[in-house]
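Residue numbers (my numbering): 8 to 398. Below is one structure, written out as structure tokens; comments come after it.
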């Protein structure tokens, strides 16, 4: 273990003594002590850096919350371990606050003191400190000229992630997700090209290529007796187009695809200040018979208001709530509430991000019926997806 500078911020003498003694035994480096936030800030002022603060929250004078806020401004503190007896909901909120302050949250040591847990959290920090050369190198983001060449050469294609019934895993539909078959770098996800496309108004070109390919694949399956529901992502900026619904209708007619089998997914955060033309297109899509899904439900700030105002027919619950079910009981309450909300509004609910059988079982208990996630299938290219459907 590398040398560390650690501050123990604790007003209770016995707890502070136990923590400091344990640190000196399991960790090389310097251990500092403070009994209040003011003392802790004074120590920070006279040091070059502090790797970790092991911090209680409830203290007289300046408490741990205020200390962390001031310490983050100093730029000298890197990471935080909580050591508190607060309720789980308050600890989760504090962990979020710590991350928002730009500090690494390593975990909660809890009380009474646990040596094994302390060692685990210190090791976690050592992993964070690994030099970048020790980590897998990130590929360089392709330049704009490369993206344009890829669009011209048809290198972008949809990968299909199934939507399944939670209880039986039976296929109910699929979402078309953009991928780039780069000739040198292999298959690239949207994180490698989406921002470039947004900045240079290329999202329309990408969408129409994916939509055309998706409808062609859907027709192929329909000819084999498998009529499938497909969903496509629409960026909020595309909704302002005056020719959007007319072009969609023309392609649906050309491929002989019923509009009722197509759903467009839109994130509600992009619709907060949408112009009238965008809202008009949403209404037109629903009049045509297409489905309209609010994507990443719960990730924004006005989901309920948007559900009331706009003609959505589906809700896609953000996968964050699924990942937090095990350690954050309130996430289960949110999921149960969303199930009831979708039913009362007459909307379908699709749960994203299901990765384990344990999550699947808990979601069934909460009343969920449709899901996407790696537990069932990862996004796959057309040939693999057709084979998946025909198995």
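Ideal Cβ positions, reconstructed from N, Cα and C, are used throughout, including at glycine. What you are looking at is a predicted structure, and each value in this text was computed from that prediction instead of being measured.
State the DSSP-derived secondary structure class of residue i, mapped to helix, strand or coil.
{"i": "residue 177", "result": "coil"}
{"i": "residue 272", "result": "strand"}
{"i": "residue 388", "result": "coil"}
{"i": "residue 321", "result": "strand"}
{"i": "residue 328", "result": "helix"}
{"i": "residue 241", "result": "coil"}
{"i": "residue 85", "result": "strand"}
{"i": "residue 381", "result": "coil"}
{"i": "residue 172", "result": "strand"}
{"i": "residue 162", "result": "coil"}
{"i": "residue 303", "result": "strand"}
{"i": "residue 247", "result": "helix"}
For residue i, I'd like the list of residues in its chain whose CB is within less than 7 Å of its CB, leaving aside the five on either flank, ordered along the chain.
{"i": "residue 250", "result": "none"}
{"i": "residue 84", "result": "51, 57, 60, 78, 110"}
{"i": "residue 204", "result": "154, 210, 213"}
{"i": "residue 138", "result": "With a pLDDT of 46 at residue 138, under the threshold of 50, the modelled position of this residue cannot be trusted; read the value that follows with caution. None."}
{"i": "residue 233", "result": "396"}
{"i": "residue 37", "result": "12"}
{"i": "residue 67", "result": "18, 43"}
{"i": "residue 132", "result": "58, 59, 86, 113"}
{"i": "residue 180", "result": "170, 235, 236, 237, 238"}
{"i": "residue 318", "result": "289, 290, 293, 299"}
{"i": "residue 335", "result": "99"}
{"i": "residue 69", "result": "43, 44, 45"}
{"i": "residue 148", "result": "199"}
Suppose the cutoff is 8 Å on Cβ atoms and the five residues either side in sequence are ignored; what does the same chain contact list for residue i look like?
{"i": "residue 376", "result": "172, 173, 174, 356"}
{"i": "residue 158", "result": "209, 212, 213, 216"}
{"i": "residue 271", "result": "238, 239, 240, 241, 292, 297, 298, 299, 300"}
{"i": "residue 383", "result": "169, 171, 176, 361"}
{"i": "residue 389", "result": "164, 165, 167, 220, 224"}
{"i": "residue 102", "result": "89, 112, 115"}
{"i": "residue 320", "result": "270, 293, 298, 299, 300, 354, 355"}
{"i": "residue 226", "result": "262, 263, 264"}
{"i": "residue 369", "result": "332, 339"}
{"i": "residue 27", "result": "15, 38, 40"}
Determine the extent of the beta strand (DSSP E) in which residue i is found, giving its start and end residues.
{"i": "residue 218", "result": "Per DSSP, residue 218 belongs to no beta strand (DSSP E); it is in the alpha helix (DSSP H), 210 to 230."}
{"i": "residue 12", "result": "11 to 16"}
{"i": "residue 336", "result": "No beta strand (DSSP E) holds residue 336; the alpha helix (DSSP H) holding it covers 336 to 352."}
{"i": "residue 296", "result": "Note, residue 296: premise wrong, no beta strand (DSSP E); not H, not E."}
{"i": "residue 358", "result": "355 to 358"}
Along the chain, where does the alpha helix (DSSP H) containing residue i start, and where does it finish?
{"i": "residue 261", "result": "251 to 261"}
{"i": "residue 367", "result": "364 to 372"}
Excluding the 5 residues preceding and the 5 following residue i in the sequence, name in chain order all residues of the same chain whose CB lies nearer than 6 Å to its CB.
{"i": "residue 17", "result": "23, 63"}
{"i": "residue 343", "result": "373"}
{"i": "residue 322", "result": "301, 304, 349, 354, 356"}
{"i": "residue 386", "result": "166, 168, 184"}
{"i": "residue 326", "result": "359, 360"}
{"i": "residue 366", "result": "329"}
| task | Please specify which runs of the beta strand (DSSP E), each continuous and at least 3 residues long, are wholly inside the stretch 27 to 67, giving them in chain order. | result | 36 to 41, 57 to 62
| task | Determine contact between the stretch 150 to 166 and the stretch 101 to 110, defined as no fewer than three beta-carbon pairs at a distance below 8 Å. | result | no
| task | Indicate whether the contact test is met: 3 or more Cβ pairs, each with one atom in the stretch 339 to 349 and one in the stretch 364 to 374, closer than 8 Å. | result | Judged by Cβ distances under 8 Å, the stretch 339 to 349 makes contact with the stretch 364 to 374, as three or more pairs qualify.
| request: Return the chain-ordered ranges of every beta strand (DSSP E) run that is complete within the stretch 96 to 128 and spans a minimum of 3 residues. | output: Those beta strand (DSSP E) runs which fall completely within the stretch 96 to 128 and span 3+ residues are 111 to 115.
| field | contact_flag[the stretch 218 to 226, the stretch 249 to 269] where n(CB pairs < 8 Å) is 3 or more | value | yes
| query | Which runs of the beta strand (DSSP E) fall wholly inside the stretch 183 to 207 and span at least 3 residues, in chain order? | reply | Here the runs fully enclosed are 193 to 195.
| Would you say the stretch 187 to 202 touches the stretch 245 to 259, given that touching needs at least three Cβ pairs under 8 Å? | no
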